[in-house]
Structure formats: structure tokens, C-alpha cells
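In the UniProt record's numbering, the protein residues as written are 1 to 393.
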């Protein structure tokens, strides 16, 4: 559920300063209401919070805080409390307040006592220090002396971001002496008040921004974006830098329904780029083509037993009768020739291994044959006659 705000303005057409504000769990159930100028009350119920510059300058307000709701009332004035259709008067001198039936706060209503007493706090949300001007009595021409202030109002920057969680680029920034960071240090609907001036990197890269100014404020707004107006509550502004670069005020968040009165904000004659940085191009991915290499097969010699049969190899060299053909290879042919040489080298190694095995087999067969021949010679040699034995008789 969105946070709702019930507001009463000093003018019936919901312009001017906010003199009454209500928000909290109870207010969140209110139905949104647009400004009805004919009623003369100047009330609105919507989701827009009140910026500090929308309060009456140098005036005290009273916060009346209970469990479920907070009411902020302009002190020492009879103001219309919109949701209740009644009037309230807050006295910060005596820390008291009351509810009344009439707009002059002369007919009080009987208060219902509650066990939970609300908390009362008085403060000045929009403190503006005006320099003191003293005029001397000297003659003939009086001297005007400007006395510097001892406590200048803090300068703050009201930023509107691209996203509701205050992330992305700053689309509008407003500065005013009436702004301070009280109660606005947390992000609310993409808006945030900070004491730091936004850096160039916080704005949208290469985007055009229009400078504008109004009563007690100035700022920059991105071109072509419909954003809530910083000067008029409930309205929206749009600047088109590609056209006349004039601030136009609208009644809807899409900037379609043009307001009947021109915007109180004025823009400069031209637009500027606040962030000259360009978006980084995507990284270039390069792919390298790797030519596959032909691996040379390794033929391991066998360790099995001796081959019993030896193939007959004809080693007769037949002379060639044709003349050798000499060729000059081109680059492509040399490359293919190199590839074939790799294959030929592998085949040559295989042949050498086979020949080595054949030599080993031949040697083994030779010694085996020699051993067999010697054995046969021993078997066929004559046995010598036995020596004659002497006659015993």
C-alpha cells in the first residue's frame, strides 16, 4: 500500500504554501482526491510528500504524533484539517492544540480523552535568514551597511532519479536556500534531498538538460522526461530541448493534459550536456583460427616371440627409363607437399621398424639353423669299437 498524504494549501486552488499535513497508517486508507478549487478549502490527497520549500518561510509548525497518524499544523493560525472537514489551532507557546467547527476557531469541539497521549513537537521546517540592513544617520548621504548573517541556511539539492529506489541517472536537480536535509535523507519515490551537489557522472551520459528557475529555486531537468513539478504540487513539467526548450506544465504524469496557466518556471535559451561521458562500447571479441596439426603415429616394436616365417622381399632395383620430372611447387603446393611429407615420414618410420624386426628374425633363424646342424652331425658320427678284453684264462 502506498503512503498517502492529506494536505491543505494556503490558496483554494492548491497553490502557495502547505499549512496542514496528515500522514500515517490511518491516512494510507484514504481515497486520492484532486484539488477542488470551488470548495475553497485547497485540499489534496495523493502520494506526493511535501518538500521543505513548500512550507511557510520562518513559521513554526506543530507535529502532533499519535500511534497511527501524524498531523502537522501551522502554529498560531486557524487552518482547515482536510480529512476531518474541521479546523485546528495549534499554540506552540503553551504546547496545546484544539479542534473547531468554524474557520475562525471560535467554536471548539469537545475532545475525546485517550489513554495514549500524542507527542507534541514544534519546529520551523523552512528557516530563512534574511540579512540585517542598518542605515546610519550620517549626512548628507546615508550609508547602507549589510550585516552578514551568522547562520546562513544550509544549501541542499533535491534530486529526482530515474528509478523509484533512487538509482540510475539524476533526471532533475533543484536547489534552494529553503531546502535542508531534515526528514529527506531517505529515498522516497525516487526523490532524495542531500547536502552534496551532484557530480557530472550522476547525470545521464550525453543527455541534454534544460536550466530552469523560479521563485526561490533553480535547477536542471532532462529533456523529454515528464517529471513532478518542484514548484506546484500535483502538476508535472516537461522540457523539449529539440524544440523551443520552454518549461511546460501539465496536469497528468504522462504530460498530455496541458495546464490552463503557464508554468511559473522559466528556462534558459538553450540546453546543455552535464555528463559528456559516452557509453562504453561492448568489448571486441576476436577469434583465432588454429590449424590442426597432424600427429606422427608412433609404432612400438612388438615383444612377442620370433616369427617363424619370413616373407620374401624382392630388393631388385629396376632402373627407370624415364627422365626425372622436375617441378616447381607454389606456396599452396608446398603446403600440401609438406602435409604429405609428414604422412610419408610416418610411413618411412614404419617400414624401418619392420625391416629391423626382419633382420632380428633372420639372425635368430641363422643361429637356430646352425645349432640344429651341429646336433645332426653328432648323431651321424661313427661310434669307436670297444677295446678287446683280456682272456681271463
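Beta carbons: idealized from backbone N, C-alpha and C, even for Gly.
Give a yes or no on whether the C-beta atoms belonging to residue i and residue j are separated by under 8 angstroms.
i           : j           : result
residue 97  : residue 87  : no
residue 53  : residue 213 : no
residue 211 : residue 267 : yes
residue 247 : residue 263 : yes
Once the 5 residues before and after residue i are set aside, which same chain residues still bring their CB inside 6 angstroms of it?
i           : result
residue 19  : 8, 10, 74 and 79
residue 32  : 45 and 46
residue 174 : 158, 217, 219 and 230
residue 66  : 118
residue 92  : 60, 62, 75 and 122
residue 99  : 86, 88 and 109
residue 189 : 164
residue 284 : Reliability of the predicted coordinates at residue 284 is poor, the pLDDT of 48 falling under 50, and no value is obtained from them.
Go ahead and label residue i buried or exposed: buried means 16 or more other beta carbons lie within 10 angstroms of its beta carbon, across all protein chains shown.
i           : result
residue 360 : exposed
residue 22  : buried
residue 103 : exposed
residue 6   : buried
residue 82  : buried
residue 403 : Past the boundaries of the shown model lies residue 403; the chain is included only from 1 to 393, so the question cannot be answered.
residue 265 : buried
Starting from the C-beta of residue i, find all residues in its chain whose C-beta is less than 8 angstroms away, skip the five residues before and the five after it, and write them out in chain order.
i           : result
residue 252 : 236
residue 171 : 160, 161, 162, 204, 221, 222, 225 and 227
residue 250 : 226, 235, 236, 237, 238, 256, 257, 258 and 259
Using DSSP's beta-bridge definition, name the partner residues of residue i.
i           : result
residue 81  : 86
residue 228 : 236
residue 271 : 210
residue 248 : 238
residue 191 : 160 and 188
residue 266 : 213
residue 51  : DSSP output for residue 51 lists no bridge partner at all.
Between the Cα of residue i and the Cα atoms of the options, which residue gives the shortest distance?
i           : options               : result
residue 166 : 172, 176 and 191      : 191
residue 206 : 186, 277, 194 and 68  : 277
residue 271 : 238, 250, 209 and 244 : 209
residue 202 : 273, 57 and 351       : 273
residue 109 : 196, 84 and 355       : 84
residue 56  : 68, 15, 349 and 39    : 15
residue 197 : 188, 156, 164 and 51  : 156
residue 69  : 120, 101 and 40       : 120
residue 26  : 243, 350, 71 and 188  : 71
residue 17  : 51, 245 and 95        : 51
residue 49  : 200, 243, 349 and 193 : 193
residue 275 : 357, 199 and 39       : 199
residue 77  : 95, 101, 64 and 105   : 105
Looking only at its chain, what residues have a beta carbon closer than 7 angstroms to the beta carbon of residue i, apart from the 5 residues adjacent to it on each side?
i           : result
residue 3   : 23, 28 and 47
residue 241 : 208, 210, 223 and 271
residue 398 : Look at the range of the chain in this structure, 1 to 393, and you will see that residue 398 is not part of it.
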